[in-house]
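Presented below is the structure to which this report refers.
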Amino acid sequence: MAAPAFDRRRVNGPEESFPPVFEEDREVKKISKRTDRENGDFRPVFLQPGLITQANGSAYIETSKTKISCAIYGPHQSKNAAYSENGRLNVEVKYAPYSCHRRKAPIRDAEDRTIGVAIHQALLSSVRLELLPKSTIDIFIIIIESDGLEASIAAGSIAASTALADAGIELFGLVTSCSAFNEAQALMDDNDLWIDPTLEEAQAAKGTLILSTMPALETVTSVWQNGRMQPADVLKCMELCQQRCVQMHAIVARSLVDNNQVEPSE
Amino acid sequence: MASASTSNSGSNEQTPEAIALKAAVFQRLHPRVYLERFVAEGIRPDGRQISAWRDVSVNVGSISTADGSALVRIGDTTVVCGVKAELAEPELDAPTRGFLVPNLDLPAICSPKFKPGPPTEEAQVFSDRLHEALTSTGTISLEDLCIQPGKAAWVLFVDATCINYDGNVFDATLLAMIAALKNVTLPKATFDEDTGRTVCTRKESAPLNLKCLPISFTFGIFDGKHIFPDPTFFEEPLLDTAVSVVLKEDGTISSVSQVGADAVEQDALSRCIVEAKARHQLLLSKTIYP
Amino acid sequence: MSDADCLLPGQPIVLPTGPAPRLGRGVYEKNGQVRASLVGRPHHDGSTLAISRTRPHPPAPNSIVLGSVTRLSPVQALLSISVVDGVPTPPGEEFTGVIRVQDVRATEKDKIKIADCFRGGDVVRGQVISLGDARSYFITTARNDLGVIFATSEAGATLEPVSWERMRCSKTGSIEKRKCAKPEGL
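Residue numbers (the numbering used here), protein chains in the order written: chain E, 30 to 295; chain R, 7 to 296; chain B, 63 to 248.
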């Protein structure tokens, strides 16, 4: 609520400031029926690699309320670490101050690191790190507009994997992610599983799940489950997410091929 | 499924890709000579005329979580700016004034020369100069931001983030900040004397009253005599000095600043100002702000 | 060059019948299936199947690198590598290499003085011997086409190579000693 302490490196505002309180916000939000899509569909995705010319590789992903930009720097020499046979992957996530409903101070906190760890986990097994001894790959992610933690992790993983492919780093396969949640405690039928939650839906959900897979190799790279879900339902959720990941893979593939057409290859 | 095919790639030395790669190697090893060779032909390394500016594009309102937002591209340099409005008590010595807090962030994502961490000296200097440009031109009257004297006022956090750093970030950021401020709609706020709280409503909102729209024009001076408008990331370290001219909407000068080591002839400075005014006229006629 | 030829990481590659090719860069084999690991078109270099890439990448053994000399000591020269295999690295992201005195040239290794071979600021072409230690790659210039390719004299002008161990200043004509690389085309 209160602004952080005086930061002599930035232009500062008043000591304390509060986000505005609206009289319309008094009611409690519930999950409303979706008007623009089915429960089991994800929102249309726009993915563009190569926008950040300064970086080795980059990707920008946009869905209706999520905008994330990812850049790859490296592989460069690991600076302060001991000799290692395998390369290192370093994921740093940053929220832009205007990306959430409540302004986020530019100080990095636990939420940034949580997303960083989740994306690191999703990508780690897809990169051929044994080809990059002594090197570190830096993955920098900026969240320009955020629609909840789950959407950010899923979209961030997709953008990061696309950016790695754009950067010419050898991969076992492309990673795509999908998030899902359940509204009821126990699922009666498949319609109770909802894909790609918005911020309001994720906050009101009973349990959420984010699945990252490499569809080309039919392997799962990470599962991130939060909240209350029956174990059998977790498996059903994973299966549905896996199908969606395959659909997402086609979108990623299309964007990389189109981008490769624009620049002449060797 | 694709089948591997035999092809002749890589053996022909003079393919366009091979030539471009050799030029890139030369650029990396001998940057100054590389630039001098272009200047001798009368063009800049990115292909434009020596005195040409890059294309500018402005896009507003795409970030729903911000109260006002803008995305500006000057060539490849990309800056996103978002405005968040919050409430605070005015300062004791300025009870009828709100706050305008501009900041520029140069994160590691935008360039290989920035590493993760606290704002670099460059970012701090930029933030300071932007603050100066916005307040000295009186872009917003801080009194307009007051809700209840002594009790409640608006704080406008104007945060800019550079996504791609290809030189001339200052011009891009000032443009983005002004465009974002123009895009802001503030909800109507009423201060309740009894509870001591301010309540807002989305049903009524109004845009900000911007009194002045300053634009900045940055030049680099190379070899003591060549004036490069709108320097790129490659050119910046090779310049003797950089000159920024901030003009108000009516074309009068708000500030002229010079950053760099070498002294600039009097002539060069006035040439920059003349060029800035000409460019300003051109931008106004193109209605740069949507 | 149709769309269909551009492969993506993880995409299987159908091999023509015949002996299995050796796998070069950009492809890998898992569970008997050969797949791509880069975005690009595969091609055959002789009997090796590979996908080439033009992005900056770190040096590997046998890579040809270009770098500038940053520090000299009696037993080695430190190199700041800025070009790897013909692809420049982004500015600010150089690799560190070291040319040890025994790797400067192939003959008369015990009689070498580093100061007669390299000076600070010289641009050197070398080949990577090994990954070295945590801080630097081991580089050799012990071949005719490896060594100093560009240097400035004490007078500030460009030095032109005269022989494998001498360079002449283009302004004053004085001779300075360097371990030169044989210029291309000679």
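Glycine included, C-beta positions come from ideal geometry on N, C-alpha and C. Computed from a predicted model, the values in this text were never measured in an experiment.
Short Cβ contact (9 angstroms threshold) for V137/B with R162/B: yes
Identify, in the order they occur along the chain, each residue of the same chain with its Cβ nearer than 7 angstroms to the Cβ of S211/R, setting aside the five sequence neighbours on each side. T191, L192, P193 and K194
Mind checking the stretch 97 to 122 of chain R against chain B and listing, in chain order, the residues whose C-beta falls within less than 7 angstroms of any C-beta there? P118 and K119
Spatial distance of S291/R from A284/R (CA atoms): 11 angstroms
Can you pull out the residues from the stretch 129 to 162 of chain B whose beta carbon lies closer than 9 angstroms to at least one beta carbon of chain R? S130, S144, V145, G148, V149, P150, T151, P152, P153, G154 and E155
For chain R, is any of its Cβ atoms less than 9 angstroms away from the one on F212/B? yes
If you measure beta-carbon to beta-carbon, which residues of the stretch 130 to 148 of chain R are closer than 9 angstroms to chain E? Q130, S133, D134, L136 and H137
Check the DSSP bridge columns for T141/R and list the partner residues they point to. Partner(s): none; T141/R has no beta bridge.
Spell out whether any CB of chain R is found under 9 angstroms from the CB atom of T202/B. no
Can you confirm whether L238/E, when its beta carbon is compared against all beta carbons of chain B, has any partner nearer than 9 angstroms? no
Beta-carbon within less than 7 angstroms of C152/R's beta-carbon, same chain only, minus the 5 sequence neighbours each way: which residues are those? P96, T102, R103, G104 and A159
Buried or exposed: which applies to F180/B, given that a residue is buried once 16 or more other Cβ atoms fall within 10 Å of its Cβ? buried
Helix, strand or coil for F32/R, going by three-state DSSP, please let me know. helix
Looking at C-beta atoms only, is the number of pairs between the stretch 108 to 122 of chain E and the stretch 141 to 158 of chain E that lie closer than 8 angstroms three or more? yes
For K194/R, the first and last residue of its enclosing beta strand (DSSP E): T191 to D198
Nearest-angstrom Cα separation, counted from F35/E out to L136/R: 19 angstroms
Helix, strand or coil: how does DSSP classify H119/B here? coil
So D167/E is in the alpha helix (DSSP H); what residue range does that whole segment cover? Run containing D167/E: none in the alpha helix (DSSP H); it sits in the beta strand (DSSP E), S164 to E174.
Segment limits, beta strand (DSSP E) that includes Y102/E: K96 to Q106
Please give the ranges of any alpha helix (DSSP H) in the stretch 218 to 285 of chain E, keeping only runs that are unbroken, at least 4 residues long and fully inside the region. 228 to 233
Buried or exposed, going by whether 16 or more other CB atoms sit within 10 Å of the CB of S70/R? exposed
Could you spell out the range, first to last residue, of the beta strand (DSSP E) harbouring I90/E? G86 to E91
Can you confirm whether the stretch 137 to 152 of chain R touches the stretch 33 to 46 of chain R when touching is taken to mean that 3 or more C-beta pairs between the two stretches lie within less than 8 angstroms? no
Buried or exposed: where does V145/B fall if 16 or more other Cβ atoms within 10 Å of its Cβ makes it buried? buried
In terms of DSSP beta bridges, what is V89/B paired with? A98/B
Length of the line joining the Cα atoms of I25/R and A279/E: 34 angstroms
DSSP-derived helix/strand/coil call for A196/B: coil
So with CB distances below 8 angstroms, who are the chain B contacts of G202/E? P71, G72 and R97
Excluding the five sequence neighbours on either side, which residues of its own chain have a C-beta within less than 7 angstroms of the C-beta of Q106/E, listed in chain order? K163 and S164
With a threshold of 7 angstroms on Cβ separation, who are the neighbours of V263/E within its own chain once the five nearest residues in sequence on each side are excluded? L238 and Q254
Consult DSSP for R285/R and reduce its assignment to one of helix, strand or coil. helix
Of all the options T238/R, I221/R, K209/R and G266/R, which has the alpha carbon lying nearest to the alpha carbon of A282/R? I221/R
For K108/E, which residues of its own chain have a beta-carbon under 8 angstroms away from its beta-carbon, when the five flanking residues on both sides are left out? T165
Which same chain residues end up closer than 8 angstroms to I176/B when comparing Cβ atoms and leaving out the 5 residues on each side of it in sequence? L134, S135, P136, V137, Q138, A139, V163 and V166
N109/R, buried or exposed, once every other Cβ within 10 Å from all chains shown has been counted against 16: buried
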